[in-house]
Amino acid sequence: LKHWRSRYFLPTTPSAMRVLAVAATLAAASRCQGKPPAGHPNIYPINSGEESATLVASVPNGKIFNVTVPMDGTNTTSHFPVVHLYGNATERGTAMGVIFKEHLQAKAVVDEIWAYFKSQVTEALPGFVPKWLADLIAEMGLDAALGLTYELTKKYTTPEYIEEMEAIASAAGIDYEKIRDMNMIAGATQGSCSMIGAWGDALRDKEDGMVQLRALDWNMDPPIVNHPLVIVFHTEHHAYVTVGVTGLVGALTGVSDQQLGISEIGVSYPDDTFGKESRVGVPFVFLLRDILHSDKALDDSIDRMQSATRTCDLILGVGDGKSQASQGSEKKFRGFQYSSSVCNVVNDTHPLPVAPWHEPLENVVYWGMDWICPAETQGLHDHLSAMHGDIHPEGLIQNVTGPQQTGDTHLAYYDLKNMDMWVSFARQSYYAGPENAYDRQFTKFDLRKLFAEPRPTAQVELV
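This is how it looks when you write it as structure tokens:
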């Protein structure tokens, strides 16, 4: 088992934390105002998730698989875990806690990520968290501010997620407040990301096709990129998959068995139409998980967002791969201008913001890196316009996100009609090869097969 750990999911050693939030904000501003990115195509062959996954262990109500990504061979070959969780909130959380402790070095990982978040928040507040949280931390101190944030958001958080976190902490032998506060910070950080929703005649698969991108451009430091995780939840409501970071209970990226997919962009450059942010409401990582956990159709997600007590400035996206995605409309994707003050629903015919660098594309909704981000959004438009009528996930992998240089931390493409997902993670610090996820080899998962993975009947540990 120790050999397997060292071979597949190496723990990182403590290192000096780099204070980069201000630099990252300035870099994002430069990208938004400069020329469109000019990266190179991603020509790696697609890796099969089914063929590259190896069962590592089964525990009551849980399984962990290792996925091998060949890349160029030798020390460029990388790995990431896929965890399956079954049952109610306590059963799922307990299974995650046991897997976390026995196979993912729970205490060391949580301590490392928590120390990193703490250093970033206290030493580099500008650009890392919203101003309201920065002001609260400056006034009260980090621990008190996060405790208050939890109390202000608990009312709006699905209780199952709190039960999961409590069970994870108990089974893994780690501090519940660290897990809780890690999720509070993750639910408030502002990453520069990109999204695409395309359907119908914009696609190669024109008959009921629906293709979606969620590119996460967030953080490339070892405490984040060294701990990628895919979780498949088999719940009493729905089955769904999330792509993220070890310890995160909310959702950043994911797809449900209802053929719903989620995307998100943090807004650092809003305009006046966003209005105000708020410290009181549902953290967006839990709202996005609610969509996967409970919603059955795109209209459910529209209603959820419009009726939610919202918090920070975001652009959110939901796609629906069903033949009748939304009543009275053939449009299978909606974007959302999302803040405490507004929730404007955006489609392909009326893109927001209205600007010469954000032109409409039939059956396509898109944003590049932020709300007011001319260079990135124009670049994304030009790539999509060149592919219009032949858009498909593997073409986008090769000819859009690589050249556009978006999705450094992780990115996922969803084919919501056929229920396939392509995933790539940033290079962990102990591997070689390209650094950014958009330049690395993608792994394709058949989501129907992932959701049909049987519940374990016995505890098994393979060495």
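Each residue of the sequence shown is one higher than the one before, counting from 876 in my numbering. Every residue gets a Cβ at the ideal spot worked out from N, C-alpha and C, and that includes glycine.
Legend entry - First through last residue of the beta strand (DSSP E) which encompasses Tyr1241: If you look at Tyr1241, you'll find it in the beta strand (DSSP E) that goes 1239-1243.
Inset, instruction - Counting only the same chain and skipping the five closest in sequence on each side, list residues whose C-beta sits under 6 Å from that of Leu1163. - result: So the list reads Ala1126, Ile1137, once near-sequence residues are dropped.
Legend entry - Beta-carbon proximity list for His1109, same chain, < 6 Å, skipping 5 on both sides: Excluding residues within five positions, the ones whose Cβ falls inside 6 Å are Tyr961.
Legend entry - Span separating the alpha-carbon of Ser1260 from that of Trp1242: The straight-line gap from Cα to Cα measures roughly 14 Å.
Inset, instruction - Pick out the complete alpha helix (DSSP H) segments inside the region 960-992, 4 residues or longer, and give them in chain order. - result: As far as the region 960-992 is concerned, its whole alpha helix (DSSP H) runs of at least 4 residues are 964-978.
Inset, instruction - Quick one: give me the first and last residue of the alpha helix (DSSP H) that Tyr1213 is part of. - result: First-last for Tyr1213: 1208-1213, but that is the beta strand (DSSP E), not the alpha helix (DSSP H).
Legend entry - Beta-carbon proximity of Asp1223 to Lys1206, cut-off 8 Å: The beta carbons of Asp1223 and Lys1206 sit closer together than 8 Å.
Legend entry - Nearest-angstrom Cβ-Cβ length linking Ala981 and Ile1060, presumed shorter than 8 Å: Contact doesn't hold; Cβ gap of about 18 Å is too wide.
Legend entry - Reference Val984; option with closest CA among Pro1103, His1113, Glu1111, Leu1173: Its Cα nearest to that of Val984, the residue Pro1103 stands out among Pro1103, His1113, Glu1111, Leu1173.
Inset, instruction - Take the Cβ of Ser1143 as the centre, count every other Cβ of all protein chains shown within 10 Å, and call the residue buried at 16 or more, exposed below. - result: Burial check for Ser1143: the Cβ neighbour count within 10 Å reaches 16 or more, so the residue is buried.
Legend entry - At least three beta-carbon pairs within less than 8 Å, the region 1129-1136 to the region 1145-1159: Output reads no: the region 1145-1159 does not touch the region 1129-1136.
Legend entry - Spatial neighbours of Phe1320 in its chain, beta-carbon cut-off 6 Å, leaving aside the 5 residues before and after: Only residues of its own chain outside the window of five on either side were considered, and among them Gly924, Met1296 have a CB closer than 6 Å to the CB of Phe1320, listed in chain order.
Inset, instruction - Can you check the region 898-948 for any beta strand (DSSP E) of at least 3 residues that lies completely inside it and give the ranges in chain order? - result: Runs of the beta strand (DSSP E) inside the region 898-948: 928-934, 937-944.
Legend entry - Rounded distance between the beta-carbons of Gln1279 and His1258, thought under 8 Å: A Cβ-Cβ distance of about 6 Å is found for the pair His1258 and Gln1279, placing them in contact under the 8 Å criterion.
Legend entry - the region 910-923 contacting the region 1242-1252, beta-carbon criterion three pairs below 8 Å: Contact holds: three or more Cβ-Cβ distances are below 8 Å.
Legend entry - Host alpha helix (DSSP H) of Glu1052 (start-end): Annotation: the continuous alpha helix (DSSP H) that includes Glu1052 extends over 1051-1061.
Legend entry - As assigned by DSSP and simplified to three states, the class of Ser1045: Reduced to three states, the DSSP call for Ser1045 is helix.
Inset, instruction - Flag this pair as touching only if the region 1069-1088 and the region 1288-1307 have three or more C-beta atom pairs under 8 Å; answer yes or no. - result: Segments in contact, yes.
Legend entry - Arg882 to Glu926 span [Cα, whole Å]: Legend: pLDDT at Arg882 = 40, less than 50; position of this residue unreliable, value from coordinates given subsequently. Looking at the two C-alpha atoms, the distance is approximately 19 Å.
Legend entry - CA-to-CA distance, Met1040 to Thr969, given in whole angstroms: Looking at the two C-alpha atoms, the distance is approximately 9 Å.
Inset, instruction - Find out if the Cβ-Cβ distance for the pair His1267, Leu1236 is shorter than 8 Å. - result: No, the pair does not count as a contact, with Cβ atoms beyond the cut-off.
Legend entry - Cβ neighbours of Asn1094 in the same chain (closer than 7 Å, five flanking residues each side left out): Excluding sequence neighbours, Asn1094 sits near Thr1284.
Legend entry - Spatial neighbours of His915 in its chain, beta-carbon cut-off 7 Å, leaving aside the 5 residues before and after: The beta carbon of His915 sits closer than 7 Å to those of Gly1277, Pro1278, all from its chain and outside the five residues before and after it, given in chain order.
Inset, instruction - Look up Gly1087 in the DSSP assignment and give the residues it is bridged to. - result: Residue identity check: residue 1087 is Gln in the sequence provided, not Gly. Bridge partners of Gln1087: Gly1072, Tyr1289.
Inset, instruction - Count the C-beta pairs between the region 1308-1327 and the region 940-950 that are closer than 8 Å, then say yes if the count reaches three, no if not. - result: Taking 8 Å as the limit for Cβ pairs, the verdict is that the region 940-950 does touch the region 1308-1327.
Inset, instruction - Kindly identify the DSSP beta-bridge partner or partners of Trp1297. - result: BP columns for Trp1297 point to Tyr1288, Lys1319.
Inset, instruction - Go ahead and label Ser872 buried or exposed: buried means 16 or more other beta carbons lie within 10 angstroms of its beta carbon, across all protein chains shown. - result: This structure leaves residue 872 out entirely; the chain is present only between 876 and 1338.
Inset, instruction - Whole angstroms is fine: what's the gap from Gly1308's alpha carbon to His954's? - result: Our two residues, Gly1308 and His954, have alpha carbons roughly 13 Å apart in a direct line.
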